[in-house]
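Here is the structure we will look at, set down as structure tokens.
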Amino acid sequence: MSSHGDPIPMTSAACGPLTGDAHVPGDKSISHRSLILGAMAVGETTITGLLEGQDVLDTAKAMRAFGADVTDHGGGKWSVYGVGVGGFAEPDQVIDCGNSGTGVRLIMGAMASSPITATFTGDASLNKRPMARVTDPLALFGCQAVGRDGGRLPMTLVGAADPVPAHYTVPVPSAQVKSAVLLAGLNAPGETVVIEAEATRDHTERMLAGFGAEISTEVTSEGRVITLKGQPELNPQHIEVPRDPSSAAFPVCAALIVPGSDVLVPNIGLNPTRAGLFTTLREMGADLTYENEREEGGEPVADLRARFSPDLKGITVPEHRAACMIDEYPVLSVVAAFAKGETHMPGVKELRVKESDRIDAMAAGLRAAGVGVEDGPDWWTVMGLGHGNVPGGVTCASHLDHRIAMSFLVMGMATQKPMSVDDGGPIATSFPIFEPLMAALGAEVRRT
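Sequential numbering from 1 applies to the sequence shown in the UniProt record's numbering.
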């Protein structure tokens with residue numbers, strides 16, 4: 001069932017050309033971080049273009065619970081009157097982060113070095129996800145965590161009364177873990193150092209610098225070494241949130257597989273640690289171009305044009321690229337089904353611990369729809385059938401995962417028979433305007 005109510009079955013059928021402008025929501029990663037760092041600054045931070053999906057709304061509610069004054073002014077305009085680094089109050093109630101792994105892990109980091117206690121929970125999907133990957137490094141600061149077996153939510157964190165700085169090497173590529181450690185380091189004296197062997201999305205580092213933190217990054221033989229000087233006074237900012245490349249992936253990929261399509265996605269964030277999907281699609285032969293390239297708020301952005309691409313070919317996605325497109329593999333696998341030849345995706349074990357086991361969920365649905373898939377612990381391969389040859393005609397389980405649901409609905413726009421998902425409700429967590437946006441482009445997506 002949906003994380004926020006009864007299941008919402010949805011069906012998508014083959015449609016005419018998708019055309020027009022797709023104004024996708026604001027970037028989810030930047031939206032979360034804007035609220036959290038705004039709450040840790042001294043004074044009023046203003047935000048425009050905030051993603052108002054349920055995940056981000058849950059983070060806004062959590063910041064209020066920790067004492068920040070968070071106000072929704074309508075139309076994606078928000079303000080956060082922060083309490084300063086180390087100024088979080090102890091929440092009166094359990095912090096419910098809904099479906100958001102990013103939200104809960106970043107918030108845990110932000111409170112870990114303050115002498116307060118908070119209990120976290122989430123929906124059925126989030127409560128199955130591993131939290132030890134965050135709580136283990138947070139223990140280096142002096143934070144204690146008590147949760148369910150396997151380090152899962154619900155979980156209570158007791159923040160460090162006398163935090164010490166940490167030196168931590170991230171064992172697997174994870175922007176969430178890196179960010180949690182850096183946020184905890186804000187209230188620890190001295191320098192906190194995080195080392196990552198593979199680069200992950202760097203929104204936290206960019207935004208910390210923008211708020212006035214002393215942070216540096218050096219590339220060494222060990223990888224990226226990020227050093228943060230603790231106990232700064234963060235200065236409030238005005239943040240214009242670029243549009244989310246992970247959300248843009250759905251109308252873009254739909255345009256590539258639906259004949260005659262020509263879709264423009266304006267103002268998309270093209271941070272190099274996030275744009276791996278678009279590079280991969282171009283390597284597959286996608287007609288994908290950047291227009292009006294520019295920089296806004298320290299982040300590179302452009303208008304992205306996607307046109308129908310009937311001659312897509314399968315490729316091997318470089319393993320090192322996984323960290324900068326990990327959320328896009330489900331919809332990439334859909335495009336791969338319409339390509340000719342095999343698309344091999346190695347180094348993706350992180351997909352198995354997302355909102356669902358995304359490899360298993362997509363592989364099961366693709367196979368049921370007539371597409372060959374092979375998979376292992378950290379890789380999978382889709383045997384593309386070429387344009388016009390994908391049967392479809394099945395109902396797939398979304399597993400309370402918004403990206404699984406949207407990926408199969410995109411697939412149904414070009415299969416021989418319609419595709420359905422058992423529950424599209426979770427889509428609201430990240431892309432609340434998915435249905436009207438796709439309908440405006442010409443897609444046939446309906447609730448059943």
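Heads up, the beta-carbon is just placed ideally off N, CA and C, and yes, glycines get one too.
The Cβ-Cβ distance between Leu37 and Phe211 falls below 7 Å.
Each residue's CA atom was taken as its position, placing Gly190 and Ala337 some 51 Å apart. If you draw a straight line from the Cα of Ala188 to the Cα of Glu218, it is about 21 Å long.
Distance check between Ala22 and each of Val371, Ala414, Ser261 and Glu205 places Ser261 closest, using alpha-carbon atoms only.
The way I'd put it, the segment 194-208 does touch the segment 222-229; three or more beta-carbon pairs between them come closer than 8 Å. The three-state reading of DSSP puts Arg274 in coil, since its state is none of H, G, I, E or B. When the beta-carbon positions are compared, Asp401 and Asp244 stay at least 7 Å from each other. Taking a cut-off of 8 Å for Cβ pairs, the segment 7-19 and the segment 409-422 touch, as three or more such pairs fall below it.
Here Ser407 carries a helix assignment [DSSP, helix/strand/coil]. If you compare the alpha carbons of Val241, Gly388 and Arg352 with that of Lys128, the shortest gap goes to Arg352. Residues of the same chain with a CB within less than 6 Å of the CB of Glu444, apart from the 5 flanking positions on each side, are Ala13 and Cys15 in chain order. Your pair Phe141 and Ala180 does not check out as a contact, with CB atoms roughly 10 Å apart and the cut at 8 Å. In the structure shown, Glu233 falls within a coil segment according to DSSP collapsed to helix, strand and coil. Annotated as distal: Val317 and Gly269, with beta-carbon spacing of 7 Å or more. For Gln176, the enclosing alpha helix (DSSP H) starts and ends at Ala175 to Gly185.
Note on geometry: alpha-carbon atoms of Phe88 and Ala275 lie some 34 Å from one another. The beta carbon of Tyr81 sits closer than 6 Å to the beta carbons of Glu44 and Asp69 from its chain, once the five residues preceding and following it are set aside; these are given in chain order. Of Gly314, Gln237, Thr135 and Pro91, the smallest CA-CA separation from Leu153 is found for Thr135.
When DSSP states are grouped into helix, strand and coil, Met362 belongs to the helix group. Taking the Cα positions, Ala255 is about 6 Å away from Val263. A buried status is given to Pro236, since no fewer than 16 other beta-carbon atoms sit within 10 Å of its beta-carbon. By the neighbour-count criterion, in which a residue is buried when 16 or more other Cβ atoms sit within 10 angstroms of its Cβ, Gln93 is exposed. Comparing alpha carbon positions, the residue from Tyr329, Gly388 and Met131 closest to Arg403 is Tyr329. Short of 7 Å from the beta carbon of Thr19, and not among the five residues preceding or following it, lie these beta carbons of its own chain, in chain order: Ser261, Asp262, Val263, Leu441 and Gly442.
Using a Cβ distance threshold of 7 Å, Val241 and Ser31 count as a contacting pair. Shown here, Glu191 sits in a strand according to DSSP, grouped into three states. Within the same chain, and ignoring the five residues on either side of Ile215 in sequence, the residues whose Cβ sits closer than 8 Å to its Cβ are Leu182, Glu205, Leu208, Ala209, Ile226, Thr227, Leu228 and Lys229.
According to the DSSP secondary-structure assignment, Val265 is paired through a beta bridge with Leu304.
The three-state secondary structure of Gln416, taken from DSSP, is coil. Relative to the Cα of Asp378, the nearest Cα in the group Gly365, Ala369, Val371 and Arg358 belongs to Arg358. Using a Cβ-Cβ distance cut-off of 8 Å, the segment 149-163 and the segment 110-130 are in contact, since at least three pairs of beta carbons, one from each stretch, lie closer than that value.
Glu52 counts as buried, since no fewer than 16 other beta carbons sit within 10 angstroms of its beta carbon. Using a 10 angstroms sphere on the CB of Pro130, the tally of other CB atoms stays under 16, which defines it as exposed.
Leu138 and Met40 do not touch by the CB rule: their CB atoms are close to 16 Å apart, not below 8 Å. Assigned with DSSP and collapsed to three states, Glu319 falls in helix. Nearest in C-alpha terms to Ala364, of all of Glu295, Asp96, Ala397 and Thr59, is Ala397.
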